[in-house]
Amino acid sequence: MGTLACAGALAVLLLAALALFGLILGQGFLTFWPRPLEQWKLADGRTFLVEPNGAAANGDLRARIGNRELNGMNDFIQVAPGELVSETVPEDAFWVERAEYGPFHGRLTRVELPDGVHGGEALLPRFLEEAPDLRDRIAAAGEELGRAAGRETQDLPEIETLRKKISSLQERLGGYRLVAATADGREVGLPGATVLRVRFPNRLSFLERTETWLGGAWRFLTEAPREANTEGGVWPALVGTCLMVILMSILVVPFGVLAAVYLNEYARENWFVRFVRISVNNLAGVPSIVYGVFGLGFFVYGIGGGLDHLFLDPGDAPRFGRGGLLWASLTMALLTVPVVIAATEEGLAAVPRERREGALALGATRWEMVWKVILPGARPGILTGVILAVSRAAGEVAPLMLTGVVGNAINPVAELHPPFLHLDRPFMHLGFHIYSVGFQAPNVESAVPLVYATCALLLLLVLFLNLLAIRMRIRIRRSLQGR
Amino acid sequence: GVGIVLTILFMTAYLILQAAPLAQQPRVGRNSILDTRVPPSLLGGVEPFLDAAWSLRGDGKLEFRLLADGRLLSTQPAFPLDAGETLVRAKATVDQGTLVAATSLGRLALVEIHPKVEYGPADEGSSRPARIHRMEAGKPVWLQMNAGSAPPADFDAWRDGNRLFAAWISAGGTLTFLSGKEKHSLLGGSKLSVITRDLACEEALDHLALLEGGRLVGAGVSGALYFWGREGQPFGPVLGAEGSPCVDLRSLIGGGTAVVLRKDGRVDLLVLGRRADDMERLQPTASLAADVQEPRALVPAPRERTFLVVGNGRIQAGEATSRRLFPPVALADLPGRAVFSPRQDAVAVFGEDGSLHLHRGRLGFPGVSTGTLFSKVLYEGAKEPELTYQSTGGSDAFQPKVSLIPLIFGTLKGAFWAMLVAAPPALLAALYSARFLAGRTREILKPMIELLAGLPSVILGFVGALYLAPVLEANLFGILLLAPAALLATLLLGWLRARIPPRFQAVLTPGRSLALLLGAYSLLAWGVVSAGHSLEPVLLGGPLRAWVLSSFGIPFEQRNSIVVGLAMGFAVAPLVFTLAEEAFRNVPEPLADASLALGATPWQTSLRVIVPVALPGVLSALVLGLGRAVGETMIVLMAAGGTPIIEWNPFQGFRSLAANLATELPEAPMGGMLYRVLFLSALALFAMTFVVNTLAEVLRQRSRRMG
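Chains A and B, in that order, give the protein sequences. At position 166 of the first sequence (counting the first as 1) the number is 166 in my numbering, and the numbers step up by one without a gap. Converting from the second sequence to my numbering requires adding 1000 to each position, the first position being numbered 1.
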């Protein structure tokens, strides 16, 4: 009986873990799956083209209705099951992803191209090819204009030409327009400048859906967020997370490895070493937010504020005296030192005794022995430590909130032109992205699917790193036991 | 190695260092005195940069001069007086933004003053831009007191948006109260309509102070204090005549606290609040003994509930929220008129001989004491002393409430529910995995649970707040039924298994029964939750949360302690599992073998041999799990609702120390009171986890020694 209770407890834990992983990965992956649009007719006479969105706590049906600007800035409706008169899946339902106001649900009436070319669906491919191309050209010319205007000696004719070019392109883009009708018959013009993607979701075959899904997932990974992070992708957050963990690894590895080498190779068992070990263990147990508090006080306000005081005029906006990539990485390095030490010690212990003695017997000094024999032998351990540290840092949010992460970075931390990397700038982070979009976005509800996708991405990242570390650790343990 | 020790020592030291200024006493630097001569005046003050001082002359003119060399910057007729009229007495409001003066012709006038600063080109030999000072005075508001009579014994005025209140005591001791309303016309002019009436009192009065909303406190010649509520509603005496006569009576910033200075040096503090029946009241909170000779005046600070008691040759600072007086400081230039600088970084003393001395000093954080941090305080507007955390409010006059108790309570409440959810299954599962599972199955299962330990807490917080919380709200009854249902089902399955013929018993290896249980529990969970929906109306006549509210008066919040417990359970359980599993496995094999050889069943062996031996290690696992739960930030921040209340009800939220740090520290101005208090709370968190970790370490060492 008791045994069964124990087994039951284990089953409960496993069930909970599976349910959690299933929920996040399932919801995350469903985000980009093109769902059919249903036409709902309600008892009060209203008609909507909706994406069904499950049931509310009281049993009401919920659905995403799109067309935010036409529906009083609401993305969702909630109706009692009895209110729903009919639901059909119309073949011609039309779905548009727009640069503003979220998706549009309706039916395509007309495609308008410049020079008075009007037509039906047949013109859609041309529209989708030419309008984005124009948008890209306008954006490129805008960037060029920005560079020209930012130069010290301004070439006024050049600026003027660029301005003219942009306005003519914009004028041409203005000729592109989709005219569509909502489910209740209102006609809406969708300017080519805002239409990002269109589809007829109810006509897609499974293969086409998969293709759409892949495209959506790819754009999620590679595009910048739009609409206060509630749409678009997570590219800057992904870059920010990677840069932070790389910087952190560079900072933490020498320190952690040296400390582990000292503890394992040089130190004799005495009160000091015991004290150090207790310190390391305690450091591992300190809540991450306390590191954040320390980082804010010491790195940001202390060192950063000091640098600003030295190099900036009083009254200037702080440069180092605010949260930034460097301070966040330093704080995270501090936080992950115990992880690296523990893993490295394990790796060092796995180096066979004979090898040390062999090296010493051949006349190597102690340092040569450590540097040339032990450290290479302990490489798997060190690597495990780094992987664990990276996975910890990738998932940790609380200290970053205090030391330099922002929900929406105006200036990127990394650029493709010199100086490439801005260590002083605040950056975006996947974990904080989840918090800020899920809790601080203007319309959280419609952003939730995207947050699930971000969660799934972060989860996969952390799981992958952890699995890697676990595998390496098992290898190290085997080699330990092998002796 | 040395680096690590240094790091941890440095971190501790830094946290202490940042929080330490909270304990500092207000200080006045005796060395940095600036001495200037100004002509004798009725009233004076300094501007925020301590570059210039203003003084109000009897002829109604406002002088503004540099402190460094006494050069006159401007003289302006702030109070344009009639011929033959002079100012007889003047007062500044607590925030030093309005001057109130009584004239020899029985008029009372209010003038707003604004010292302005502009930046010009840098002075020679300095990189900083020079400050150019200017004084602006607003249009005076004239009120008629009793015309032609002797100067009033005391008067005060209070402005609050478009409301204006004034009160004065005639030379004969009668009190008059004026309530005015300002109406702004579209053309930019404004009209003031006033109602003036005398308020009756048992005895003649000699001091008064207007409080928030036009409430009034007055001191009788006997030393008794009387309180009038809104619109002059009389409430009678609040303090009897046993005190000695009143020397000065002032309201502090915000007008929620009154301070009385008596002839014998006693300082009484009174706080505006509400009685149990919601009537207003003025409650005496403390009577302190000031250590100055011949107390003369009270000087309220412009930004905090701090005041100075000025006596002969000495001043003493006091604070109303923490209800204490600090050690006195000797100032040789007293008696004189002392006044705070606007930033409270200096005290200016206008001597009777026309000298002006500026004493730079530091007020520190007098409102924060162990009393305000850890025990109940009667705050302004409250009914009774309470433990409240509310660090910032809408206006400058907000009274910060920084009790750490609600946060510590919230931290422990969250940790308790997390441990309640996580510990039982984690320990049982660890025992099973360590003692019953075959090596292969274990090798697959253990990393799975370890993976769960690496799960970013921000994901758990998100799932907890945006998935679990609504699901729990919709299925509360069913989900609460899950735990007893799982127990019952386990008992039932155990009974069933005992009935299985022995030859089939061997088929049920631990791995297989685990798989069977997984299926059984999923079915059970689904069944119970849906059954909960149909049972709820039958048993309780409606949703459980409505029933709990109507039967016990317990409110239900969507983001509550149970949600946090469940979400944080996910974070704590794998940690406890991993450590406890290690402890169970470290029990020496011969012990178990001996027990089995003596005929004990595996379960008896586990219970009587393994568990007692592994106990220190298991406890250490629990303690470490607790440490994790105490320090967890993101889950609590996202799923706990974030209200710092002390409430045992599991269906309500809370705010923990860690979540509070994440919420408030980014907004806290560096070096300010809130910043220091937050560092102190970080230190408290650090200390809590330090104790817990050390305890766990000691336990683990003991368990190793046994192993």
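In this text, a Cβ means the ideal position worked out from N, Cα and C, and glycines have one as well.
Checking 8 Å against the spacing of the C-beta atoms, do residue i and residue j come in under that value?
i, j, result
"B/HIS1207", "B/ASP1248", "yes"
"A/ALA139", "A/LEU162", "no"
"B/MET1673", "B/PRO1400", "yes"
"B/VAL1310", "B/ALA1338", "yes"
"B/THR1578", "B/ILE1449", "yes"
"A/ALA181", "A/GLY106", "yes"
"A/ALA9", "B/LEU1428", "yes"
"A/VAL234", "A/LEU457", "yes"
"A/LEU325", "A/PHE299", "no"
"B/THR1689", "A/PRO287", "yes"
At least one CB of chain B closer than 8 Å to the CB of residue i: is that the case?
i, result
"A/GLY285", "yes"
"A/VAL257", "no"
"A/ILE278", "yes"
"A/VAL253", "no"
"A/ILE303", "no"
"A/ILE77", "no"
"A/CYS242", "no"
Distance cutoff 8 Å, beta carbons only. Does residue i sit that close to anything in chain A?
i, result
"B/ASN1586", "no"
"B/VAL1310", "no"
"B/GLN1505", "no"
"B/MET1634", "yes"
"B/SER1513", "yes"
"B/VAL1402", "no"
"B/PRO1536", "Reading the sequence as shown, one finds Glu at residue 1536 of chain B and not Pro. Output row for B/GLU1536: interface = no."
"B/LEU1420", "no"
"B/PRO1152", "no"
"B/PHE1436", "yes"
"B/ALA1485", "no"
Closer than 7 Å by beta-carbon distance: list the chain A residues that pair up with residue i, in chain order.
i, result
"B/GLN1024", "Neighbours of B/GLN1024 on chain A: none; closest Cβ ~18 Å, over 7 Å."
"B/SER1369", "Ordered by position in chain A, no residue passes the 7 Å Cβ test against B/SER1369, which lies about 22 Å from the chain."
"B/ASN1693", "ASN281, ASN282, GLY285"
"B/SER1522", "LEU15"
"B/LEU1492", "Chain A residues near B/LEU1492: none, gap ~10 Å exceeds 7 Å."
"B/TYR1014", "PHE294, GLY297, PHE298"
Which chain B residues sit within Cβ distance under 7 Å of residue i?
i, result
"A/PHE439", "MET1638"
Using a C-beta to C-beta distance shorter than 9 Å, which residues of chain A count as neighbours of residue i?
i, result
"B/ALA1426", "ALA9, LEU13"
"B/SER1433", "CYS6, LEU10"
"B/MET1568", "Under the 9 Å cutoff, chain A gives no residues; its nearest Cβ is about 13 Å from B/MET1568."
Find the residues of chain B that neighbour residue i, judging by a C-beta separation of less than 8 Å, and give them in chain order.
i, result
"A/MET470", "The sequence given here places Ile at residue 470 of chain A; Met does not occur at that position. Correct list: PRO1447, GLU1450, LEU1451."
"A/GLY395", "GLY1454, LEU1455, PRO1456, SER1457, VAL1458, ILE1459"
Under 8 Å between beta-carbons, which chain A residues line up against residue i? List them in chain order, please.
i, result
"B/LEU1466", "GLY438, VAL444, VAL448, VAL451"
Taking contact to mean 3 or more Cβ pairs, one atom from each stretch, closer than 8 Å, check whether the region 1606-1613 of chain B and the region 1486-1499 of chain B are in contact.
Output reads no: the region 1486-1499 of chain B does not touch the region 1606-1613 of chain B.
Any chance you could list the beta strand (DSSP E) runs of at least 3 consecutive residues sitting entirely within the region 1027-1105 of chain B, in chain order?
1027-1037, 1043-1046, 1052-1056, 1061-1066, 1072-1077, 1087-1092, 1098-1103, all fully within the region 1027-1105 of chain B.
Runs of alpha helix (DSSP H) lying entirely within the region 2-83 of chain A, each at least 4 residues, in chain order
2-30
Every unbroken alpha helix (DSSP H) inside the region 1437-1478 of chain B [4 residues or more]:
1439-1453, 1457-1463, 1469-1474
Please determine if the region 1085-1094 of chain B and the region 1102-1116 of chain B are in contact, where contact requires at least 3 C-beta pairs separated by less than 8 Å.
With a cut-off of 8 Å, the region 1102-1116 of chain B and the region 1085-1094 of chain B count as touching, because enough Cβ pairs lie within range.
Three or more beta-carbon pairs under 8 Å between the region 1356-1375 of chain B and the region 1317-1336 of chain B, yes or no?
With the cut-off at 8 Å, the region 1356-1375 of chain B and the region 1317-1336 of chain B touch.
Quick test of the definition: if touching needs 3 or more C-beta pairs under 8 Å, does the region 1050-1060 of chain B touch the region 329-339 of chain A?
no
Runs of beta strand (DSSP E) lying entirely within the region 1523-1587 of chain B, each at least 3 residues, in chain order:
Within the region 1523-1587 of chain B, complete beta strand (DSSP E) segments of at least 3 residues are not found at all.
Starting from the N-terminal side, write out each stretch of the alpha helix (DSSP H) that is 4 residues or longer and does not extend beyond the region 316-346 of chain A.
none
Validate contact between the region 205-222 of chain A and the region 422-442 of chain A using beta carbons, cut 8 Å, 3 pairs
No: the two stretches stay apart, fewer than three of their Cβ pairs being nearer than 8 Å.
Indicate whether the contact test is met: 3 or more Cβ pairs, each with one atom in the region 1250-1257 of chain B and one in the region 1297-1313 of chain B, closer than 8 Å.
yes
Does the count of Cβ pairs from the region 252-271 of chain A and the region 310-319 of chain A closer than 8 Å reach three?
Remark: fewer than three beta-carbon pairs, one from each stretch, lie closer than 8 Å, so the region 252-271 of chain A and the region 310-319 of chain A are not flagged as touching.
Evaluate the contact criterion for the region 344-354 of chain A versus the region 446-455 of chain A: three or more CB pairs, one atom per stretch, below 8 Å.
no
Runs of 4 residues minimum, wholly inside the region 1324-1395 of chain B: which ones carry the alpha helix (DSSP H) assignment?
1370-1374
Check whether the region 381-398 of chain A touches the region 357-370 of chain A, taking contact to mean three or more Cβ pairs, one atom from each stretch, closer than 8 Å.
no
So, does the region 406-415 of chain A touch the region 259-276 of chain A, judging by three or more C-beta pairs under 8 Å?
no
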